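Numbering (our numbering), first residue to last: 13 to 559.
In this text, a Cβ means the ideal position worked out from N, Cα and C, and glycines have one as well.
These figures come from a predicted structure and were not determined experimentally.
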């Protein structure tokens, strides 16, 4: 969907809406002549046929007037409830507002009236894919639409998405390649193709298409953010950090969610006599990874004669404060914007690698840079002292709402299949809210202990990790926590991992005690677990020899 730059004056749109509301009110009173009079008045401002209304909705969405777009579309849908076009336009307005789930009902209504309406099956499929990326219904809709019009590149884009979500990489690539053949200069098509190439580990091609997408739509923050993260993944930090700053407008998860602070962002302004606020963004893993920069930032701020205040996630408690609060002038946890201490500038934790122009050889990589509560660690060691086998903590899934979790999760059932008969290894769950997974694994014969009910905070989890010999984790906050604590950590990675893990190497410059176990090809965990089992057997045997 493309948006025009034509401006729609607010007053004209408001009058148009008022006329439509008056027409609806008259219709509800069965006053057809009055209704038609108001509709004629509305037509003098904007055409109200379905196609023209769609164009108006696009213009309003481009101007971020999403409430106006929805109000107009909803009123017209009420005025003409049996029109496929009015129901379609209501779905379109809701999709423009990223309310995909709500768009499904009006799209279904339109489908029941006119299943061959242009773009209807594609848009309904897109809404369904937002709810379930592997939706069978979406796949059927797209196949049916392509049978009707195989030259619609957007249909092939969405078919590529659903095939990938169903772990059909060859089919996804074929659909994506067809979309590029049909629309080689469409930035959305080009960008999506680049994303699919990453899953095939065709990194040069992926970068070519990511660069091309940005050239075609240089104002698109999503294209800039995608290229930045690809540069970071490939270790090109010089090119990656500046583009990564587009994440707040370019990431689906972050768009529109950046806090609005009272003070301006810090971009290197002199700090003499000023107070700089440091705050955490995104997830816990990001905070755990980048809090290593606090000492460096504090040294710079204090050298320039300023103050550094740090507000962090309350879930972290004193895990980070124990080690790092001493570097700042004020350390607080949680609260809203109104409870922040006074400050002159603000900077996000995730921006710090950009601030310090980080390269691989300048990463603050000394570990541990976080410390668990020593008394709590000793308590867990005492409780586990009777266990003489190698003590291994497991985390098998990241956030279930993360868009890439289906690809990076492993599942406890896979651990059970490959590791349950290992001698001299004791397994412990580090996965929160996973009692059902643990119960199923135990029923299948996998002996795994679960103390997560006692782990109420990251500080508690850190103490428990301190009593273990090894942590095995997929890409999630536990991997970052274990690495920050300097614990031996083995990370299981899919072919297109988070940029921090880089490519084609078994180690990490961010976490010196980490070993990386990578898929050889898309969705293939068998060889990963074969290597993992071999290395676990070796490590457990070494422990027995020492004992």
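Assuming residue i and residue j form a contact by the criterion Cβ under 8 Å, report the distance between their Cβ atoms to the nearest whole angstrom.
i           : j           : result
residue 234 : residue 380 : Actually they do not touch by this definition, with Cβ atoms about 36 Å apart.
residue 540 : residue 475 : Wrong, their Cβ atoms sit about 29 Å apart, outside the cutoff.
residue 522 : residue 383 : Wrong, their Cβ atoms sit about 18 Å apart, outside the cutoff.
residue 238 : residue 184 : The pair is not a contact, with the Cβ atoms about 17 Å apart (cut-off 8 Å).
residue 479 : residue 393 : 5 Å
residue 407 : residue 443 : 5 Å
residue 62  : residue 97  : 3 Å
residue 290 : residue 322 : 4 Å
residue 277 : residue 367 : Their Cβ separation, rounded to whole angstroms, is 11 Å, which puts residue 277 and residue 367 out of contact at 8 Å.
residue 57  : residue 24  : 6 Å
residue 112 : residue 143 : 7 Å
residue 89  : residue 72  : About 16 Å; that fails the 8 Å criterion.
residue 570 : residue 490 : Beyond the ends of the chain as shown, which are 13 and 559, falls residue 570; an answer cannot be given.
Of the choices the options, whose alpha-carbon is the least far from that of residue i?
i           : options               : result
residue 435 : 519, 547, 501 and 368 : 547
residue 419 : 108, 196, 163 and 208 : 208
residue 52  : 42, 35 and 104        : 35
residue 124 : 94, 106 and 143       : 94
residue 441 : 211, 457, 405 and 427 : 405
residue 231 : 246, 200 and 244      : 200
residue 104 : 91, 85, 92 and 121    : 85
residue 513 : 372, 245 and 110      : 245
residue 385 : 23, 330 and 57        : 330
residue 403 : 458, 26, 477 and 371  : 477
residue 485 : 411, 533, 196 and 294 : 411
residue 466 : 453, 365 and 447      : 447
residue 177 : 161, 197 and 211      : 211
residue 430 : 459, 416 and 374      : 459
residue 29  : 59, 43 and 41         : 59
residue 27  : 54, 46, 42 and 40     : 54
residue 375 : 179, 249, 47 and 129  : 249
residue 196 : 227, 216 and 214      : 227
residue 369 : 530, 272 and 252      : 252
residue 545 : 531, 461, 462 and 432 : 432
residue 271 : 536, 304 and 352      : 352
residue 509 : 294, 257, 49 and 415  : 415
residue 417 : 354, 520, 145 and 122 : 145
Are the CB atoms of residue i and residue j nearer to each other than 8 Å?
i           : j           : result
residue 528 : residue 505 : yes
residue 297 : residue 488 : yes
residue 99  : residue 127 : no
residue 108 : residue 139 : no
residue 165 : residue 141 : no
residue 284 : residue 318 : yes
residue 87  : residue 120 : no
residue 428 : residue 451 : no
residue 525 : residue 500 : yes
residue 240 : residue 255 : yes
residue 242 : residue 258 : no
Under 7 Å Cβ to Cβ from residue i, same chain only, skipping five residues before and after it: list those, please.
i           : result
residue 550 : none
residue 156 : 133
residue 39  : 47 and 91
residue 332 : 303, 324 and 382
residue 220 : none
So, at 6 Å on beta carbons, what are the nonlocal neighbours of residue i in its own chain, with the 5 sequence-adjacent residues on each side left out?
i           : result
residue 553 : none
residue 168 : 187, 190 and 191
residue 328 : 470
residue 401 : 436, 437 and 438
residue 306 : 336 and 339
residue 225 : 199, 202, 203 and 235
residue 158 : 167
residue 555 : 402
residue 320 : 288, 310, 313, 340 and 341
residue 449 : 424
Can you list, in chain order, the residues of its chain whose CB lies under 8 Å from that of residue i, leaving out five sequence neighbours each side?
i           : result
residue 154 : 133, 134, 137, 167, 170, 171 and 174
residue 325 : 292, 296, 299, 345 and 346
residue 247 : 372, 514 and 515
residue 282 : 316
residue 83  : 29
So that I know if they touch, is there some Cβ in chain D lying closer than 8 Å to that of residue i?
i           : result
residue 160 : This model lacks chain D altogether, as it is built from one protein chain only.
Just to check, is the beta-carbon of residue i closer than 7 Å to a non-hydrogen atom of the ligand NAP?
i          : result
residue 69 : Absence of the ligand NAP is noted for the structure shown, with no ligands found whatsoever.
Complete beta strand (DSSP E) runs within the stretch 280-316 (minimum length 3 residues, chain order): Qualifying beta strand (DSSP E) stretches, in chain order: 287-291.
4 or more residues per run - each alpha helix (DSSP H) lying fully within the stretch 35-90: Every alpha helix (DSSP H) of 4 residues or more that sits fully in the stretch 35-90 is shown, in chain order, as 44-55 and 62-74.
Identify every run of the alpha helix (DSSP H) within the stretch 119-148, keeping only runs that are complete inside it and at least 4 residues long; order them along the chain. The qualifying runs are 132-143.
Could you name each continuous beta strand (DSSP E) segment of 3 residues or more that falls completely within the stretch 415-501, going from the start of the chain to the end? Taking only runs of at least 3 residues, the beta strand (DSSP E) segments lying wholly in the stretch 415-501 are 437-441, 460-462 and 482-486.
What are the start and end residues of each continuous beta strand (DSSP E) run of 3 or more residues lying completely inside the stretch 502-559, in chain order? Counting whole runs of 3 or more residues, the stretch 502-559 contains the beta strand (DSSP E) stretches 526-530.
Would you mind listing the beta strand (DSSP E) stretches within the stretch 320-345 that are 3+ residues and don't spill past its ends, in chain order? As far as the stretch 320-345 is concerned, its whole beta strand (DSSP E) runs of at least 3 residues are 342-345.
If you scan the stretch 352-406 from start to end, which runs of the beta strand (DSSP E) of 3 or more residues do you find wholly inside it? If we require 3 residues or more, the beta strand (DSSP E) runs fully inside the stretch 352-406 come out as 357-360.
Length at least 4, wholly inside the stretch 215-262: the alpha helix (DSSP H) runs in chain order: The qualifying runs are 215-228, 233-245, 249-256 and 259-262.
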